[in-house]
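A.B. asks:
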Amino acid sequence: NTVNKILDVKLGVTCYIVGTVYTEMRFKPNILDEVTKEHWAPPSLPRPKYCSTDDEFFLEDESGRIKLVGDILKRENIVTGLIMAALGKENSEGNFEVCDICVAGLPYQPPKPIITDDKYIALISGMNIGPNSSSALQLQLMTEYLTGELGNSSVQDFTSKIARMIIAGNSLQEVKVVEDEKKEVCDNILNEICSELPVDLMPGSNDPVNTFLPQQPFISSLLPKTCQNSSFRRVTNPYWCGIDGQTIDDIAKYVETEDRLKLAEQTL
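Sequential numbering from 1049 applies to the sequence shown in my numbering.
1. What is the DSSP secondary structure of V1057, counted as helix, strand or coil?
2. Does DSSP put C1289 in a helix, a strand or coil?
3. Is Q1263 buried or exposed, if buried means 16 or more other CB atoms sit within 10 Å of its CB?
4. Inspect the beta-carbon positions of G1129 and T1068 and report whether they are closer than 8 Å.
5. Since I1215 and L1187 should fall inside the 8 Å C-beta cutoff, what is the C-beta to C-beta distance between them, to a whole number of angstroms?
6. Tell whether a beta-carbon distance below 8 Å holds between V1042 and L1171.
7. Which term fits L1189, buried or exposed, when burial requires 16 or more other beta carbons within 10 angstroms of its beta carbon?
8. Give the C-beta separation of S1219 and C1242 to the nearest angstrom, bearing in mind that I take them to be a contact with Cβ-Cβ under 8 Å.
9. In this structure, how does DSSP classify L1107 when only helix, strand and coil are distinguished?
10. Could you have a look at Q1221 and say whether DSSP puts it in helix, strand or coil?
11. Going by the CB atoms, is the gap between F1280 and L1238 shorter than 8 Å?
12. Could you name the residues of the same chain whose beta carbon sits closer than 7 Å to that of T1284, not counting the 5 residues immediately before and after it, in chain order?
13. With DSSP run on the structure shown, which of helix, strand or coil describes C1099?
14. N1254 to L1271, Cα distance in whole Å?
15. Buried or exposed for L1059, going by 16 or more other Cβ atoms inside 10 Å?
16. Just reading off the beta strand (DSSP E) that D1166 is part of, what are its end residues?
17. Please go through the same chain and pick out, in chain order, the residues whose beta-carbon is closer than 6 Å to the beta-carbon of R1282, but skip the five residues on each side of it.
18. Distance check for T1195 and Q1276, CA to CA, integer angstroms please.
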C-alpha cells in the first residue's frame, strides 16, 4: 500500500511513503553557529566526519515531514537530499518504523551499436605535483605508459587504444602561491602526453582556480607549452562527463563508510 502524502500515514498500517531525506546531525556545520563562535569562543578544529549515533532521519514531501526510525537506516548510506521510498508503519510515538528502503535505479539504457574495435578513456586525478610531492617516479611511469614507451607489445597494443585522457582535478599541490617549478613540471608532463593523445584538464579543490563550483578552467599562462597543442582542452568542473570527486568527498563526511567507490556507484 502506497500513500500519496506522508501525512496520510495511519497508525499501525504498513505502507510505502516516498519523499526527500533530511538528516539532523549534531556535528553538521552551521553558518549561524560559526558566526556566533567567532565572537564568543575559539574556533573549533574541523571534523573528518559529521555523523554520529545521535543522528536523526526525516522524510518529507509537500505535505509535511515524519521521523524515520529503524536499524536499517544506520546500515545504509543515507544523506540529506536523497529521494527514496520507505516501507514501514507509524508507531504510537508518531515515528515511521522503517523495515526496508528503495532508491531509484539506473535509467533505461538504449541499446548501443556493437563496436568491434575497442577504445578507452584514461581517467586520472590527484597528481598533486609540487615541491613536497613523492610521486615523481609514478608520474614518469604514467607518462611513459600513456605514450606507448612502457611495457611489451601487448601492453603497447592496449595503450594505443586509449582515445582520450581526462584529468579529474588536483593536478597541483595545494599552496598559497603557485611556484614556477611545479607549473613547469606539470606543463612538461601534459605536453608530452598531448603529443600522443587528446587530454581534457579539469580543475580540482587544490588547483589554482576559483574555489566554489562551478570551477573555471586553468588559465593558459599556467601551462604555456601544453596550451599550444590542439589536442589539449581546458575544461570546467563539473564537466559534461562528471565532477572531480568533491561531491563524493563531501558525502563521505556524512556517512560512516570510507568506500569512495561504493559511494560513487550509489550516486549513479
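We put the beta carbon where it would ideally sit given N, CA and C, even for glycine.
Note that this is a predicted model, so its numbers are computed, not measured.
C.D. replies: Straight from the coordinates:
1. DSSP places V1057 in coil when its eight states are reduced to three.
2. The answer is coil: DSSP assigns C1289 none of H, G, I, E or B.
3. By the 16-neighbour rule on beta-carbons within 10 angstroms, Q1263 is buried.
4. Against a cut-off of 8 Å, the Cβ pair of T1068 and G1129 comes out as a contact.
5. Between L1187 and I1215 the Cβ distance is about 12 Å, and since that is not below 8 Å, they are no contact.
6. No information on residue 1042 is available, as it lies outside the stretch 1049 to 1316 that the chain covers here.
7. Exposed: under 16 other Cβ atoms inside 10 Å.
8. 14 Å between Cβ atoms; not a contact.
9. Residue state, collapsed to three classes: strand.
10. In the structure shown, Q1221 sits in coil (DSSP, three-state: anything other than H, G, I, E or B).
11. Yes, these two residues count as a Cβ contact at 8 Å.
12. For T1284, where only same-chain residues beyond five positions count, the Cβ hits under 7 Å are P1262, Q1263, Q1264 and P1265.
13. Of the three classes helix, strand and coil, the one that applies to C1099 here is coil, per DSSP.
14. Roughly 16 Å separates the two Cα atoms.
15. Exposed is the call here.
16. Per DSSP, D1166 belongs to no beta strand (DSSP E) and is neither H nor E.
17. Apart from sequence neighbours up to five positions away, the residues of its chain that approach R1282 with a beta-carbon distance below 6 Å are L1249, P1265 and F1266, ordered along the chain.
18. Taking the straight line joining both Cα atoms gives about 18 Å.
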